[in-house]
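First the structure, in the form of structure tokens, and then the observations on it.
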Amino acid sequence: MGQRVRGVIAPGRGEPVRIETITVPDPGPGEAVVAVQACGVCHTDLHYREGGINDEFPFLLGHEAAGVVESVGDGVTEVAPGDFVVLNWRAVCGQCRACVRGRPWYCFDTHNAAQKMTLDDGTELSPALGIGAFADKTLVAAGQCTKVDPAARPAVAGLLGCGVMAGLGAAINTGGVGRGDSVAVIGCGGVGSAAVLGARLAGAARIIAVDLDERKLTTARKLGATHTVHARDTDVVEAVRELTGGFGADVAIDAVGRPETYEQAFYARDLAGTVVLVGVPTPEMRLELPLLDVFGRGGSLKSSWYGDCLPSRDFPMLIDLHLQGRLDLDAFVSETIALDGVEAAFEKMHHGDVLRSVVVL
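Counting in full-length UniProt numbering, the sequence shown runs from 1 upward without gaps.
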């Protein structure tokens, strides 16, 4: 029969979002219905609204979410009704060549719910990142639900579902930051700030935050940056080298995803250092580097997919660290808003006024 609930819809390219009544089907085999308690407003949702991901409108936006499992379909063993879960957009298959080689965080065949949520007139919705959590309830693949300690506030727990996990993982998982390392993070929005926090958690000795916005640099300091570089009036590469004994950082993280910031990260790292790209480029962007420099500087050039996380491993561990007071997830919540505040939150995000607005249902 399904249920009729409220959801935030992006009806067409660049059009303002609006709240519509949507139908959430009963869960089929391998699926779960989750009552959403909180969902962060992420740049990816804005990209969907602007048509920057694809043109499969209308979209049901929202993906950075936590809530309670309401019901499950046949064959579901991972979670049960009543479980408090963080939603993830990479439900691993367990059978592809990455999974069978013991690298499920690279899973090449992640999946979503088979059924579609719809508008009242039967129009099928495309859920953002296969989740669609700006809604009272949503239908997902059961593998997209990761059970965590219910003592965590939904408004902070849900942030692990995307941006915060991407940044933390870029430092810890992809970059392999270790004790005593030097780290440069270029771009200190939500993802970059999380990378700063991840570097601190991993024991980095020197953490250099780089941005054009002094407000973001102030936040980065609070999260663990030992030094900051204002990129507007400073040669970023030279500044990072000066702060690292003239050598460059052991790990340089590009949390912006533009050719110019990637080039800064490339040259701001030490010889045999690591570059991590976690900011998402747009399709038309191109990069040109001297191949001799790529060879001569050695080290690793890596892209970070979702912080190379394995939700079943990483989410519960990070929530436990948060509850122990060792991981300040509350610092990322700039404001809590109602479901009808998403459009205004996009505007604040565009102007850099917030790290995260979080919809609380």
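C-beta: ideal position from N, C-alpha, C; glycine also. Quick caveat: nothing in here was measured; it's all calculated off a predicted structure.
Local conformation of residue i per DSSP, three classes
i: residue 99; result: helix
i: residue 115; result: coil
i: residue 351; result: coil
i: residue 19; result: strand
i: residue 312; result: helix
i: residue 7; result: strand
i: residue 32; result: strand
i: residue 209; result: strand
i: residue 84; result: strand
i: residue 360; result: strand
i: residue 38; result: strand
i: residue 327; result: coil
i: residue 78; result: coil
i: residue 24; result: strand
i: residue 336; result: strand
i: residue 204; result: coil
i: residue 301; result: strand
Pair within 8 Å by beta-carbon distance, residue i and residue j
i: residue 27; j: residue 72; result: yes
i: residue 216; j: residue 352; result: yes
i: residue 185; j: residue 204; result: no
i: residue 7; j: residue 15; result: no
i: residue 63; j: residue 168; result: no
i: residue 345; j: residue 337; result: yes
i: residue 133; j: residue 166; result: no
i: residue 140; j: residue 342; result: no
i: residue 211; j: residue 239; result: no
i: residue 310; j: residue 105; result: yes
i: residue 170; j: residue 276; result: yes
i: residue 268; j: residue 248; result: yes
i: residue 187; j: residue 256; result: yes
i: residue 113; j: residue 107; result: no
i: residue 89; j: residue 131; result: yes
i: residue 224; j: residue 200; result: yes
CB-CB length for residue i against residue j, believed under 8 Å
i: residue 37; j: residue 327; result: Going by Cβ atoms, the distance from residue 37 to residue 327 rounds to 20 Å, so no, they are not a contact pair.
i: residue 264; j: residue 236; result: 5 Å
i: residue 183; j: residue 254; result: That pair is no contact at about 12 Å.
i: residue 163; j: residue 191; result: 5 Å
i: residue 9; j: residue 59; result: 7 Å
i: residue 274; j: residue 175; result: 6 Å
i: residue 142; j: residue 76; result: 4 Å
i: residue 289; j: residue 266; result: 7 Å
i: residue 50; j: residue 18; result: Going by Cβ atoms, the distance from residue 50 to residue 18 rounds to 16 Å, so no, they are not a contact pair.
Residues near residue i by beta carbon distance below 6 Å, same chain, minus five either side
i: residue 154; result: 37, 38 and 66
i: residue 315; result: 86, 146, 148 and 160
i: residue 227; result: 208 and 243
i: residue 56; result: 126
i: residue 300; result: 274
i: residue 284; result: none
i: residue 124; result: 116 and 118
Neighbourhood of residue i by C-beta, 7 Å cutoff - its chain only, sequence neighbours within 5 removed
i: residue 5; result: 22, 24, 135, 136 and 137
i: residue 348; result: 354 and 357
i: residue 181; result: 204, 205, 250 and 251
i: residue 152; result: 319, 322 and 323
i: residue 69; result: 32, 34, 79, 80, 81, 82, 83, 85 and 145
i: residue 48; result: 10, 59, 61 and 128
i: residue 303; result: 277
i: residue 297; result: 271
i: residue 333; result: 155, 156, 356 and 358
i: residue 329; result: 156, 159, 164 and 322
Spatial neighbours of residue i in its chain, beta-carbon cut-off 8 Å, leaving aside the 5 residues before and after
i: residue 287; result: 259, 262 and 263
i: residue 2; result: 23, 24, 25 and 26
i: residue 202; result: 171, 172, 177, 178, 179 and 181
Proximity test, Cβ basis, 8 Å: residue i and chain D
i: residue 322; result: Protein chain content of the structure displayed is limited to a single chain, and chain D is not contained in it.
Please go through the segment 43-76 and give each complete beta strand (DSSP E) segment of 3 or more residues, from N-terminal end onward. 64-72
Which runs of the alpha helix (DSSP H), 4 residues or longer, sit entirely within the segment 223-279? 236-242 and 259-268
In the segment 123-193, which residue ranges form an unbroken alpha helix (DSSP H) of at least 4 residues, counting only runs that do not cross its ends? 154-157 and 163-169
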